[in-house]
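In what follows, a structure is listed as structure tokens, so that the remarks can point back to it.
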Amino acid sequence: MSDAIIGTGILLKRGDGGGASENFVTFAEIVALKPPALSRNEIDVSTHNAGQEDKLLGMLRKGQVMGTLNWVPTDPTHIQILADIEANVKANYRITFPPNGLPHWTMPARVQLFEPPEVGVDTALQISFALTIDGTITKVNS
Amino acid sequence: MKKARAVDVGPQVETPEFIRVAPDQSTATELQPAFMWAGRPVYRCRHCQYERVENAAAVLQHEQGHQPPARPSEILGPDGQPLQVTGDENE
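So the sequences go chain by chain: E and P. So in this note's numbering, spot 25 of the first sequence is number 25, and the numbers just go up one at a time. So in this note's numbering, spot 69 of the second sequence is number 211, and the numbers just go up one at a time.
Laid out in structure tokens, this is it:
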């Protein structure tokens, strides 16, 4: 039997900048969320001497947090994400994983994308967003 | 061609009118902020992680989804007494 966990309930939160006692609030109406990819570039160091492929891995790189929200323009968290991209604000964000919010990853980031798609006559009002991580991802497992 | 014969289905039983009792909602009438975020109250569901900033009404409405259906002991018969459950007839 599989121990797979359903992804429903993954959440994105934003801190209020309160330092050690910082409070994080959940973004409303999260439709989809992609945690950051972690990767290292492959650096080819193959030599004639060895005569075979030889590679190193470079520095740890952190991809973007990306997602989609049902956009409620009057919701305070949606007002905040729009204000953050306009002012290029660096803030702490937290991703909590289902089912009980652990583990959670906390990272400083800036809003790099706030993109409303084309709105048809029979579609939900949504936005796509992306966060560029600017610092260390702190992982808490329990 | 055979004629259809009446089948004895036993005495006719009058279907009682069941009265459904709503689940206890006394705890859902008030909601205090769980914490403050950037100087604003954040309300959180008492059953899960759902939360909204400055919108207690949305959280209260969400909490209704956690209310369980009425149990047999909460369903009253026409005499005002809880129904007696005797098991599934199909078992």
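Just so it is clear, CB atoms sit at the ideal spot from N, CA and C, and this is done for glycine as well.
- Query: So is V201/P in contact with chain E if we call contact Cβ pairs under 8 angstroms?
  - Reply: no
- Does the beta-carbon of T47/E have 16 or more other beta-carbons within 10 angstroms, so that it is buried, or is it exposed? exposed
- Item | Rounded separation between V163/P and G207/P - CA only | With a pLDDT of 45 at V163/P, under the threshold of 50, the modelled position of that residue is not reliable, and no figure is offered here.
- Message: Taking the alpha carbon of P111/E as the reference point, which residue from E22/E, Q64/E and V72/E has its own alpha carbon closest?
- Response: Contrary to the premise, residue 111/E reads as Val rather than Pro in this sequence. Comparing Cα-Cα distances from V111/E to each of E22/E, Q64/E and V72/E, the minimum goes to Q64/E.
- Query: Near S2/E, which residues of its chain fall below 6 angstroms by C-beta distance, leaving aside the five closest residues on each side in sequence?
  - Reply: none
- Query: Between N23/E and A32/E, what straight-line distance do the alpha-carbon atoms span, to the nearest angstrom?
  - Reply: 23 angstroms
- Query: Does DSSP classify H189/P as helix, strand or coil?
  - Reply: coil
- Flag this pair as touching only if the segment 115 to 134 of chain E and the segment 48 to 61 of chain E have three or more C-beta atom pairs under 8 angstroms; answer yes or no. no
- Classification of S168/P by the beta-carbon crowding that lies within 10 angstroms, buried from 16 upward: The predicted position of S168/P is uncertain, since its pLDDT is 43 and thus under 50; no value can be drawn from it.
- Message: Between A124/E and chain P, is any beta-carbon pair separated by less than 8 angstroms?
- Response: no
- Task: Assign G135/E to buried or exposed, taking buried as 16 or more other Cβ atoms, counted over all protein chains shown, within 10 Å of its Cβ.
- Result: exposed
- By the criterion of Cβ-Cβ separation under 9 angstroms, what are the contact partners of T136/E in chain P? Result: empty, since nearest Cβ-Cβ is about 23 angstroms, beyond 9 angstroms.
- Who does Q126/E pair with in a DSSP beta bridge? N70/E
- Message: On the criterion of 16 or more Cβ atoms from any shown chain inside 10 Å, does I5/E qualify as buried, or is it exposed?
- Response: exposed
- Keeping to the same chain, check which residues put their C-beta closer than 7 angstroms to that of T8/E; ignore five residues upstream and five downstream. P98
- Task: Could you name the residues of the same chain whose beta carbon sits closer than 8 angstroms to that of D44/E, not counting the 5 residues immediately before and after it, in chain order?
- Result: E53, D54 and K55
- Rounded to whole angstroms, what's the CA-CA distance from R40/E to L12/E? Just pull it up for me. 25 angstroms
- Query: Apart from the five residues on each side of it in sequence, which residues of its chain come closer than 6 angstroms, Cβ to Cβ, to T68/E?
  - Reply: V31, A32, Q126 and S128
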